[in-house]
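Protein chains in written order, with my numbering: chain A, 1009 to 1435; chain B, 87 to 462.
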Amino acid sequence: MDFNDSQQEAAFRKEARDFLEANAEKRSIISDKPNDKNPQIAVAGAPETVKGGKEAAQEALERAKVWQKKKAEAGFAAILWPKEFGGYGGSPIQQVIYSQEEHDYLVPSGYFEIGIGMLGPTMMVWGKDEDKKRYLPKMITGEEIWCQLFSEPSAGSDLAGIKMKAEKDGDEWVLNGQKVWTSGAHFADYGMIVARSDPSALKHKGLTYFYLDMKTPGIEIRPIKQISGTSNFNEVFFNDVRIPDSQRLGGEGEGWKVALTTLMNERLAVGDPPGLDFDQIFEATKELEVEDGLAIKNSEVRQKMADWYVQSRGLQYTKFRSITALSKGQTPGPELSISKLVTASKMQDVSAYALELMDSSGMVHHDQNPVLKNLFQNGYFFSAAMRIAGGTDEVLRNIIAERVLGLPQDERADKKVPFNELPSGKN
Amino acid sequence: MNFDFSDDQKLLRDQARKFLFDKCDRKSVRSILDDDQLHYHKELWSQISEMGWTGTAIPEEYGGLGLGMLELCVIAEELGRSLAPTPFSSSIYLFAEFIKNYGSEDQKKKFLPSIASGEKIGTFALSETNGTPKPSNIKTKFSSGKINGYKSPVSDGESADYLIIAANSDDKGNRNSLSLYIVDLNENGVNKTSLETIDPTRPACSINFENVEAVPLGEQGMAWDMIENILNRAAVLYSFEQVGGAQVSLDEAKKYSLERFAFGRQIGSFQALKHKMADMYVKIELARSNAYYGAWALSTDSNELPVAAAGARVSASDAFNYAAKENIQIHGGVGFTWDYDCHLFYRRSKLLSLNIGSTRQWKENLISNLEKRNIV
Chain A
1009 MDFNDSQQEA AFRKEARDFL EANAEKRSII SDKPNDKNPQ IAVAGAPETV
1059 KGGKEAAQEA LERAKVWQKK KAEAGFAAIL WPKEFGGYGG SPIQQVIYSQ
1109 EEHDYLVPSG YFEIGIGMLG PTMMVWGKDE DKKRYLPKMI TGEEIWCQLF
1159 SEPSAGSDLA GIKMKAEKDG DEWVLNGQKV WTSGAHFADY GMIVARSDPS
1209 ALKHKGLTYF YLDMKTPGIE IRPIKQISGT SNFNEVFFND VRIPDSQRLG
1259 GEGEGWKVAL TTLMNERLAV GDPPGLDFDQ IFEATKELEV EDGLAIKNSE
1309 VRQKMADWYV QSRGLQYTKF RSITALSKGQ TPGPELSISK LVTASKMQDV
1359 SAYALELMDS SGMVHHDQNP VLKNLFQNGY FFSAAMRIAG GTDEVLRNII
1409 AERVLGLPQD ERADKKVPFN ELPSGKN
Chain B
87 MNFDFSDDQK LLRDQARKFL FDKCDRKSVR SILDDDQLHY HKELWSQISE
137 MGWTGTAIPE EYGGLGLGML ELCVIAEELG RSLAPTPFSS SIYLFAEFIK
187 NYGSEDQKKK FLPSIASGEK IGTFALSETN GTPKPSNIKT KFSSGKINGY
237 KSPVSDGESA DYLIIAANSD DKGNRNSLSL YIVDLNENGV NKTSLETIDP
287 TRPACSINFE NVEAVPLGEQ GMAWDMIENI LNRAAVLYSF EQVGGAQVSL
337 DEAKKYSLER FAFGRQIGSF QALKHKMADM YVKIELARSN AYYGAWALST
387 DSNELPVAAA GARVSASDAF NYAAKENIQI HGGVGFTWDY DCHLFYRRSK
437 LLSLNIGSTR QWKENLISNL EKRNIV
């Protein structure tokens, strides 16, 4: 047992570290955590849009694009992608090493991950050669940003319940309906979308998958204001949006299969959530005073801290086990499936508890808040979203129960009935 | 990175699992549970000793196999899985480790070979009263070569031949008053009284000492430091036993949920139960990963050991306690009957989480060690 890199891994790590040292700024434990300038959205992948206004958002986007271009030129933007599309042609372990190194630096994130992590790989599998040549290289350099249009008001955890209409009209498709929770729709140049092309087919059989230009007439994007007061997601409305059949990925009615390719890559695309964790509250307890002195000296506080420490490090060491498998060229076991489930609730508990420790000043959440820069106030709101985005706690528990433990699927009422005959409530 | 056991160590695990599957079935475990007079499974003890497990991490020159602590971790997990009713933890994780780490050459030669062969059993006694042992509540005294006092509970005390005992060498009652001694429990003046435990397959007794001969172990006045180190080492091994027990609790809950039907379907298809089992899985994976880190620190004599051991211990206690109690819940009514095995794990989980200090105490250890590390 050891934590040493192999010679090749060490060489790659040095390459990554040299690049980061030359081009980015190091992160500190407390002060550089998610804030307006550096909104790290771990799961959904989109930076905030509202706070600081449109101009600030535009500036942040430009900075991100500059960074992405540098990263792409150095070869680190798409380590797993083949060289022919501008990737590094590297291994999963190299991707992990780069992410570990980048984690220590303050760099823009939340703009390109969905494209490079999920949508690009989907195009590699299902796209035509000319599509791949045209779109993939610009996805890496950040010149073109992509978003994923899957969820709908009545299709969240039950994603295949998509109602967005796709009707064929000659060589074109006409899209009508609404998507929701679309990260980055407001700055994305292109999107990938699943729509229902045959409502009389079974639920999973009547879907078709397309890509489209987000500036196509008939698309309307509205930001969703979240409980944090910020907006990471959008609603996207489609009114007679016409796209050519050549932008279809996969066959008519094969949309679910294509969507699964996208979703299978989701786990890999989700990076290290850099948000609130043990280290932040540990630092905070050394500053905050409770009734009998510094919080860190209080026995109840210490008991809780220990729980968060073993969760936090337990996840880190779990990742080490997966990296070990990758490093040996094996497929990691299912153990990583626990990561977001544990992280999101831990962040919510840590935030809520830190506010308790601040006592009544925990109420304060204004821009110049001197107490730990709103870190825990922001976490209190953001964590509530994190338990839902990218798979709710409940869906993740189902996935563990069914795919890892092999327990039976719940009884399904929607497997054998044509989609348009399924009960659907008020929607 | 190579954060995994080696192929040889995995082979050892497979062999141990198969061996215990054959030799340590639930009937064997219950034979100790159901008989007040039996303190451990003698036949199983001699079999695992013959296999060399008791000498796994004892150097060859003292009669052991001379393997490392990682191999001992592997064995510990299997002992935990099988609920083996033996004094392995007392004799090997504690007594042998004290002698190995702090004994003089003569003491190593004298004690380790018979401990490695399983012929003799050792244990460790610290606690005297309810609650957490600390300098102010250790009253047992050493003077003029004799021990006088009282220890309780002493795990495996009735089976043990030898004992490491913590006693005061002066009357100041501070940290540096406490020293360690080795006692032969077959000497005159040793008076044992059986104590029933929450898991009778892991028994304990109280011991009264009246002018019992004892020899010093390690540097005098340094008992707390030595105890902390050995308990840290043992905590990693305990955490592997706990992870093993937790995993079997989950496996058995799952098996039952697939066999049992209610409302016309397998109860394992209900989300209320699936989510419970998913939570068990999450806790077990976190505990396993923390235990691996503990194993790494233990096997490399890392400065990280105090933090790594406490982390492993806290996480493993949480996982096993949770898995064992929810295993009963998933079984429903039969889960709390004597006939079903759920209670064997429920008993063992709580006993293991108390045996070398409560979870509460280990959480405190964890944070205080993190503070120390930060200062360094």
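Just so you know, even glycine gets a beta-carbon here, dropped at the ideal spot from N, CA and C.
Predicted model, so just to flag it, every value in this text is computed and none were measured.
Quick one: what's residue i bridged to in DSSP?
i                 : result
Tyr1325 (chain A) : Partner(s): none; Tyr1325 (chain A) has no beta bridge.
Lys1176 (chain A) : A:Trp1181
Trp1154 (chain A) : A:Tyr1198
Lys1187 (chain A) : A:Val1244
Glu1160 (chain A) : A:Ala1163
Ile1229 (chain A) : A:Val1244
Ile1251 (chain A) : A:Trp1181
Pro1426 (chain A) : A:Leu1210
Arg1204 (chain A) : A:Lys1173, A:Leu1215
Leu1257 (chain A) : A:Tyr1217
Lys1034 (chain A) : A:Tyr1113
Give every residue of the same chain whose Cβ lies closer than 8 Å to the Cβ of residue i, excluding the five residues on either side of it in the sequence, and list them in chain order.
i                 : result
Tyr1388 (chain A) : Gln1356, Ser1359, Ala1360, Leu1363
Lys225 (chain B)  : Glu214, Gly235, Tyr236, Asn254
Return the chain-ordered list of same chain residues with a C-beta closer than 7 Å to the C-beta of residue i, the five sequence neighbours on each side being excluded.
i                 : result
Ala1421 (chain A) : none
Glu1260 (chain A) : Ser1205, Thr1216
Ile1170 (chain A) : Glu1160, Ala1163, Val1202, Ala1203, Arg1204, Leu1215
Trp1075 (chain A) : Val1115, Pro1116
Leu1088 (chain A) : Gly1095, Gly1098, Pro1100, Gln1103
Cys110 (chain B)  : Leu130, Ser168, Ala170
Ile185 (chain B)  : Gln193, Lys194, Phe197, Leu198
Val393 (chain B)  : Leu452, Asn455, Leu456, Arg459
In chain order, what residues of the same chain have a beta carbon less than 6 Å from the beta carbon of residue i, not counting five sequence neighbours either side?
i                 : result
Tyr126 (chain B)  : Pro171, Thr172, Pro173, Ser245
Thr1149 (chain A) : Lys1077, Ala1080
Arg433 (chain B)  : Ile284, Asp285
Gln48 (chain B)   : Shown here, chain B extends from 87 to 462; a query on residue 48 (chain B) therefore has no answer.
Ile207 (chain B)  : Pro173, Ser177, Ser245, Ala246, Asp247
Leu124 (chain B)  : Ile118
Ala211 (chain B)  : Lys237, Val240, Leu249, Ile251
Nearest CA to the CA of residue i: which residue from the options?
i                 : options                                    : result
Ser1036 (chain A) : A:Lys1062, A:Arg1250, A:Ala1080, A:Val1115 : A:Val1115
Tyr179 (chain B)  : B:Ile250, B:Val298, B:Phe349, B:Lys196     : B:Ile250
Val334 (chain B)  : B:Ser241, B:Lys186, B:Leu212, B:Ala405     : B:Ala405
Gly150 (chain B)  : B:Met137, B:Val160, B:Cys159, B:Ala162     : B:Met137
Ala395 (chain B)  : B:Arg288, B:Ile442, B:Asp111               : B:Ile442
Phe1084 (chain A) : A:Met1394, A:Glu1067, A:Arg1025, A:Lys1140 : A:Arg1025
Glu299 (chain B)  : B:Glu164, B:Ala409, B:Ser229, B:Arg399     : B:Ser229
Leu1365 (chain A) : A:Ala1019, A:Ile1251, A:Thr1293            : A:Thr1293
Val160 (chain B)  : B:His361, B:Ile416, B:Ala320, B:Phe326     : B:Phe326
Trp139 (chain B)  : B:Lys113, B:Leu98, B:Asn407                : B:Leu98
Asp257 (chain B)  : B:Gly307, B:Asp270, B:Glu282               : B:Gly307
Ala1032 (chain A) : A:Glu1109, A:Glu1063, A:Phe1011            : A:Glu1109
Tyr1143 (chain A) : A:Ala1082, A:Gly1199, A:Ala1168, A:Ala1193 : A:Gly1199
Asp1166 (chain A) : A:Ile1396, A:Leu1415, A:Val1412            : A:Ile1396
Ser1208 (chain A) : A:Phe1427, A:Gly1433, A:Ser1432            : A:Phe1427
Is the CB of residue i under 9 Å away from at least one CB in chain C?
i                 : result
Met1009 (chain A) : Judged by its chain identifiers, the structure shown contains no chain C, and its protein chains are A and B.
Could you tell me if residue i is buried or exposed, where buried requires 16 or more neighbouring beta carbons within 10 angstroms of its beta carbon?
i                 : result
Glu412 (chain B)  : buried
Gln1103 (chain A) : buried
Ser1014 (chain A) : exposed
His1111 (chain A) : exposed
Thr279 (chain B)  : exposed
His1374 (chain A) : exposed
Arg374 (chain B)  : buried
Met87 (chain B)   : buried
Thr1339 (chain A) : exposed
Asp120 (chain B)  : exposed
Leu1302 (chain A) : exposed
Met1272 (chain A) : exposed
Ala332 (chain B)  : buried
| message | Runs of 3 residues minimum, wholly inside the stretch 249 to 321 of chain B: which ones carry the beta strand (DSSP E) assignment? | response | 264 to 270, 276 to 281, 290 to 303
| task | Taking only runs that begin and end inside the stretch 210 to 245 of chain B, name each unbroken beta strand (DSSP E) of 3 or more residues, in chain order. | result | 227 to 229, 232 to 241
| request: Go through the stretch 1094 to 1139 of chain A residue by residue and report every complete run of the alpha helix (DSSP H) that reaches 4 residues or more, in order. | output: 1100 to 1110, 1128 to 1134
| Going along the chain, which unbroken runs of the alpha helix (DSSP H) with 4 or more residues stay wholly within the stretch 323 to 387 of chain B? | 357 to 385
| query | Can you list, in chain order, the stretches of the alpha helix (DSSP H) that have 4 or more residues and sit fully within the stretch 136 to 174 of chain B? | reply | 155 to 168
| Which runs of the alpha helix (DSSP H) spanning at least 4 residues fall entirely within the stretch 1340 to 1411 of chain A, listed in chain order? | 1347 to 1366, 1383 to 1394, 1401 to 1407
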